[in-house]
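The structure appears right after this line, and notes come after that.
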Amino acid sequence: MTPQGAPASGGPGRPPRVRQNRRVPIHPITDPDDDRIADYRALTDVELRTRWEPPHGLFIAEGELVLRRALRAGYPARSYLVDAKRVDQLADLDTGDAPVYAATQDVLQRATGFHVHRGVLASFRRKPLPVAADVLAAARRVVILEDVNNHTNLGAVFRGAAALGIDAVLLSPSCADPLYRRSVRVSMGEVFAVPYAKLEQWPAGLDQVREAGFTVLAMTPAPDAVPIQRLTPTQRERAALLLGAEGPGLTAAAQSASDVRVVIPMRRGVDSLNVAAAAAVAFWELGRDDFA
Numbered sequence: 004m005t006p007q008g009a010p011a012s013g014g015p016g017r018p019p020r021v022r023q024n025r026r027v028p029i030h031p032i033t034d035p036d037d038d039r040i041a042d043y044r045a046l047t048d049v050e051l052r053t054r055w056e057p058p059h060g061l062f063i064a065e066g067e068l069v070l071r072r073a074l075r076a077g078y079p080a081r082s083y084l085v086d087a088k089r090v091d092q093l094a095d096l097d098t099g100d101a102p103v104y105a106a107t108q109d110v111l112q113r114a115t116g117f118h119v120h121r122g123v124l125a126s127f128r129r130k131p132l133p134v135a136a137d138v139l140a141a142a143r144r145v146v147i148l149e150d151v152n153n154h155t156n157l158g159a160v161f162r163g164a165a166a167l168g169i170d171a172v173l174l175s176p177s178c179a180d181p182l183y184r185r186s187v188r189v190s191m192g193e194v195f196a197v198p199y200a201k202l203e204q205w206p207a208g209l210d211q212v213r214e215a216g217f218t219v220l221a222m223t224p225a226p227d228a229v230p231i232q233r234l235t236p237t238q239r240e241r242a243a244l245l246l247g248a249e250g251p252g253l254t255a256a257a258q259s260a261s262d263v264r265v266v267i268p269m270r271r272g273v274d275s276l277n278v279a280a281a282a283a284v285a286f287w288e289l290g291r292d293d294f295a
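Numbers 4 to 295, taken from my numbering, label the letters of the sequence shown in order.
See the structure below:
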C-alpha cells in the first residue's frame with residue numbers, strides 16, 4: 004500500500020498516479036491535446052500566443068515565484084499546470100475555483116512546446132489596463148517606450164523600473180505585451196508591481212505627458228544631446244524618460260516631440276547600450292538624489 008502523499012506507480016503500461024495535495028484536488032492530464040489545458044498550448048509560438056492571449060483576456064506565468072507574485076497582485080487564476088512531481092509546491096496556495104492540472108514532463112513538453120524545467124505554470128485573467136492619465140497622476144517619474152517589441156528587453160526594463168524608482172511605464176501602440184510569458188519571467192514578476200498604460204496616439208500622446216507636468220527626455224546617442232548627469236533640477240524633478248527599440252532607437256518624430264534629448268556618455272568608442280541596460284543606468288541617475 005502506498006503511504007499517503009507518496010507518488011505511486013500506475014502499473015505496467017499505465018501513467019503514474021499523481022501525488023495528491025492534501026489541500027488541493029489534482030486533475031491528472033495524460034493527453035497533451037486535452038482541451039482543459041488549451042491555455043498552455045504552443046507557448047513558444049509568439050505569433051500564436053499574441054493572437055490568443057490578449058483577445059481571450061489571459062496570460063501565462065512561469066515558475067512558482069512569478070505565479071505567487073501574480074496572485075499577490077490580485078490577478079485571478081484560471082488554472083494551474085504543474086509537473087506531477089512538483090504538486091507539493093502549491094500545497095499552501097488557496098487555489099479557489101481554479102483547477103490544478105498535473106502531467107509528466109513528456110506531456111508538458113508536447114503540450115507547451117518546451118521543456119518546463121521550472122515545473123509550474125499558471126494561466127491568469129488579465130485586469131483592465133488603467134488609462135494613461137490616471138497612471139501619470141500617481142507618478143513622479145515614468146519611462147516611455149517606443150516600439151520596444153523584444154519581450155526580454157521589455158521585461159528587463161520593468162525589473163529595472165521597479166528597482167530604481169520609476170513609478171510607471173507608458174507604451175507606444177507598437178510595443179510588445181508586458182504580460183507575455185517571457186516578459187513576465189524576465190521581469191521576475193515586476194510587471195505586476197509597476198503600473199503601465201498605453202499612449203494610443205503616437206507620438207501625439209507625448210503632449211499628454213507634458214501637460215501632466217513631466218519633462219520628456221529622449222534618450223539618443225546624438226552628438227548634440229545633453230549628458231544625462233547635467234540635467235537641471237527642474238528637468239529632473241518630474242522626468243519622463245523616452246526610450247526606443249534596440250537598434251533603431253527613437254524615431255525622429257518621437258525625438259521632435261520631446262523636450263530634451265539626453266545621452267549617457269560612453270567610452271572606448273561605444274555609441275550605445277542595450278535598451279534595458281541604458282534604461283537601468285538612466286533610472287539610477289534620475290533617482291540618485293533619493294538616497295542623498
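Every residue, glycine too, gets a C-beta built ideally from N, C-alpha and C.
Thinking C-beta only, is VAL219 closer than 9 Å to ILE147?
-> Yes; because the gap between Cβ atoms is below 9 Å, this pair is in contact.
Compute the distance between the beta-carbons of GLY66 and PRO79, then report whether it is under 9 Å.
-> Cβ atoms of GLY66 and PRO79: not closer than 9 Å.
Are the segment 115-131 and the segment 146-160 touching, with three or more C-beta to C-beta distances below 8 Å?
-> Taking 8 Å as the limit for Cβ pairs, the verdict is that the segment 146-160 does not touch the segment 115-131.
Helix or strand or just coil, what does DSSP make of SER177?
-> If DSSP states are grouped into helix, strand and coil, SER177 belongs with coil.
Cα-Cα separation between ALA87 and TYR43, rounded to whole angstroms | Distance between the alpha carbons of ALA87 and TYR43 is about 16 Å.
Which residues in the same chain as PRO198 place their Cβ atom closer than 8 Å to its Cβ, once the five residues preceding and following it in sequence are excluded?
-> Excluding positions up to five away in sequence, the list reads PRO133, VAL138, ALA141, ALA142, ASP170, ALA171 and VAL172.
From which residue to which residue does the alpha helix (DSSP H) around THR218 run?
-> From DSSP, THR218 is part of no alpha helix (DSSP H) but of the beta strand (DSSP E) over 218-222.
Outcome for PHE294 when other beta-carbon atoms lying within 10 angstroms are tallied against a minimum of 16 = Result: exposed.
Pull up the distance between the alpha-carbon of GLY290 and that of GLU249, whole angstroms please.
-> GLY290 and GLU249 have their C-alpha atoms some 24 Å from each other.
Pair every Cβ in the segment 253-268 with every Cβ in the segment 221-234, then say whether three or more of these pairs are closer than 8 Å.
-> In short, these stretches touch, since the Cβ pair count reaches three.
Cβ contact (3+ pairs, closer than 8 Å) linking the segment 112-122 and the segment 28-47 = Touching, per the Cβ criterion.
What's the gap between the Cα of ALA282 and the Cα of LEU246?
-> So the alpha carbons of these two residues sit roughly 8 Å apart.
Roughly how many angstroms lie between the CA atoms of LEU202 and ASN277, to the nearest whole one?
-> Roughly 23 Å between the two C-alpha positions.
With DSSP as the reference, label ARG25 as helix, strand or coil.
-> Residue placement at ARG25 is poorly supported in this model, since its pLDDT is 47, which falls under 50; the coordinates still yield a value, given next. Here ARG25 sits in coil by DSSP.
Can you grab the Cα-Cα spacing for the pair ASN152 / ALA179, in whole Å?
-> Rounded to the nearest angstrom, the two C-alpha atoms are 4 Å apart.
If you run the structure through DSSP and keep just helix, strand and coil, what is ILE32?
-> Looking at ILE32 - three-state DSSP - the assignment turns out to be coil, as it is neither helix nor strand.
Could you tell me whether the segment 229-237 touches the segment 178-197, where touching means 3 or more Cβ pairs closer than 8 Å?
-> No: the two stretches stay apart, fewer than three of their Cβ pairs being nearer than 8 Å.
Smallest Cα separation from GLU288: which of ALA164, GLN92 and PRO251?
-> Closest in C-alpha terms to GLU288, from the list ALA164, GLN92 and PRO251, comes ALA164.
Check whether the Cβ atoms of LEU174 and ALA215 sit closer than 9 Å, and answer yes or no.
-> No, these two residues do not count as a Cβ contact at 9 Å.
When we look at the beta-carbon of GLY77 and count the other beta-carbons within 10 Å, is it buried (16 or more) or exposed?
-> So GLY77 ends up on the exposed side.
Simplified DSSP assignment, three categories, for PRO102 | Reduced to three states, the DSSP call for PRO102 is coil.
Indicate the three-state DSSP secondary structure (helix, strand or coil) for GLY163 in the structure shown.
-> In the structure shown, GLY163 adopts helical secondary structure according to DSSP, grouped into three states.
What's the gap between the Cα of ILE40 and the Cα of TYR104?
-> If you take the alpha carbons of ILE40 and TYR104, they lie about 8 Å apart.
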